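Report on the structure given below.
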Amino acid sequence: MNLLQNLCPHESILLVLGVVLFLVLIFLIIWKTVKEQKIGILFPFFLLPIVMIAYPTVGSVQYNEGKFQFNTLLAQYLEGSMTDEGVDEFREKYQVLSQSCKSNHDSDMLTTFAQAQLATGNYEEAALMAERTLNLRPDNLLARDIQQRTILLRQQEQHFREKTSQLQTIITSYEEGRTNAERAKRELTGILSEIQLPDNIDPRSALIVAKALSYTGHRENALELVNSVLETPGLNEQVILEARQLRSDIRAGHLTLVQETPSEVTPDVLTINPDLTREILNQQRFRTRIWTDRLRENP
Numbered sequence: 522m523n524l525l526q527n528l529c530p531h532e533s534i535l536l537v538l539g540v541v542l543f544l545v546l547i548f549l550i551i552w553k554t555v556k557e558q559k560i561g562i563l564f565p566f567f568l569l570p571i572v573m574i575a576y577p578t579v580g581s582v583q584y585n586e587g588k589f590q591f592n593t594l595l596a597q598y599l600e601g602s603m604t605d606e607g608v609d610e611f612r613e614k615y616q617v618l619s620q621s622c623k624s625n626h627d628s629d630m631l632t633t634f635a636q637a638q639l640a641t642g643n644y645e646e647a648a649l650m651a652e653r654t655l656n657l658r659p660d661n662l663l664a665r666d667i668q669q670r671t672i673l674l675r676q677q678e679q680h681f682r683e684k685t686s687q688l689q690t691i692i693t694s695y696e697e698g699r700t701n702a703e704r705a706k707r708e709l710t711g712i713l714s715e716i717q718l719p720d721n722i723d724p725r726s727a728l729i730v731a732k733a734l735s736y737t738g739h740r741e742n743a744l745e746l747v748n749s750v751l752e753t754p755g756l757n758e759q760v761i762l763e764a765r766q767l768r769s770d771i772r773a774g775h776l777t778l779v780q781e782t783p784s785e786v787t788p789d790v791l792t793i794n795p796d797l798t799r800e801i802l803n804q805q806r807f808r809t810r811i812w813t814d815r816l817r818e819n820p
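Using my numbering, read the sequence shown as starting at 522 and increasing by one per residue.
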């Protein structure tokens, strides 16, 4: 491992000046020795070049240690074994490393950032990190693959957002009495039958899908999805409160369609769309915000 890779500009300057000063002092010691002059007065001055050389070296050691720790945390996230505390540490490490001037010139670290953003469902940030990697290393195949994958994933995410927006509109219309139960069920079933779940769902969008499942008579599947959301580490408190309230409403039977007359037979959502079975919903992953400029506003 080259500890002097990816030095920040000020660290490079310190290192060069430190080496030059050290060599100058060595030369002075030799010269004074040849002249048979006292050299003891020079020894205290060696402290300065030692500090100037050690500072960037220590910084590189700390940076490489941070990279190792971040890779370990990323592996834990991919395995699904991360806790709330682990997500906090994951975010902290990402913040520290991404704001370090060292990572700006470290194509391996930028690729890891892209992998982390992709794994946590932040496709726009993943694409940006992959682009930064390719600016440094145009031959980086992993970064190019991530860049290509994010194009498809962002399209899927946009389609999913459109569908959940439609679900929310129908639900709101029914709850406000502007749509009757029969029509609401028919429209909700139509959307749920064709909806495709992205690799990582936004937690709030998942709650909309769960609500629609409950309204169409699939309470157990709705609860499965809500419980999966609640088991996701690193959620913000507002989402947790919303999920708990929704779970309570579903269990209490509050989210059912009240029909005045028997409705026509509606195709079963789960038969048409296996993505919404309990087995699949139990394994669903959800977006986790790690570090972006928007993290303070939408963690």
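Note that beta-carbon positions come from the ideal geometry of N, C-alpha and C, so glycine has one too.
Please read all numbers here as calculations on a predicted model, not as lab measurements.
4 or more residues per run - each alpha helix (DSSP H) lying fully within the region 594 to 681: 605 to 619, 628 to 640, 644 to 657
Run of the alpha helix (DSSP H) containing residue 704, from where it starts to where it stops: 702 to 715
Burial state of residue 698 (16 or more Cβ within 10 Å): By the neighbour-count rule (16 or more Cβ atoms within 10 Å), residue 698 is not buried but exposed.
Residue burial classification, residue 682 (beta-carbon count within 10 angstroms, cutoff 16): exposed
Beta carbon of residue 664 nearer than 8 angstroms to that of residue 673: no
Simplified DSSP assignment, three categories, for residue 721: strand
Beta-carbon contacts of residue 628 that lie in its chain and below 7 angstroms, excluding the five residues immediately before and after: 654, 657, 658, 661
Residue 534 - containing alpha helix (DSSP H), residue span: 530 to 555
Cβ distance (whole Å) where residue 691 is taken to contact residue 685 below 8 angstroms: So it is not a contact: roughly 11 angstroms between Cβ atoms.
Three-state class that DSSP yields for residue 740 in the structure shown: helix
Cβ-Cβ distance between residue 688 and residue 805 below 8 angstroms: no
7 angstroms CB neighbourhood of residue 566 in its chain, flanking five on each side removed: 546
Status (buried if at least 16 other CB within 10 Å, exposed otherwise) for residue 722: buried
Integer-rounded CB distance, given that residue 755 should sit under 8 angstroms from residue 608: 3 angstroms
Residue 802 vs residue 735 beta-carbon contact at 8 angstroms: With respect to residue 735, residue 802 sits apart: the two C-beta atoms are not nearer than 8 angstroms.
DSSP three-state assignment for residue 772, whether helix, strand or coil: Residue 772 falls in the helix class under three-state DSSP.
Segment contact, 8 angstroms Cβ cut-off, at least three pairs: the region 598 to 616 with the region 567 to 584: These segments do not touch.
Euclidean distance between Cα positions of residue 552 and residue 544: 12 angstroms
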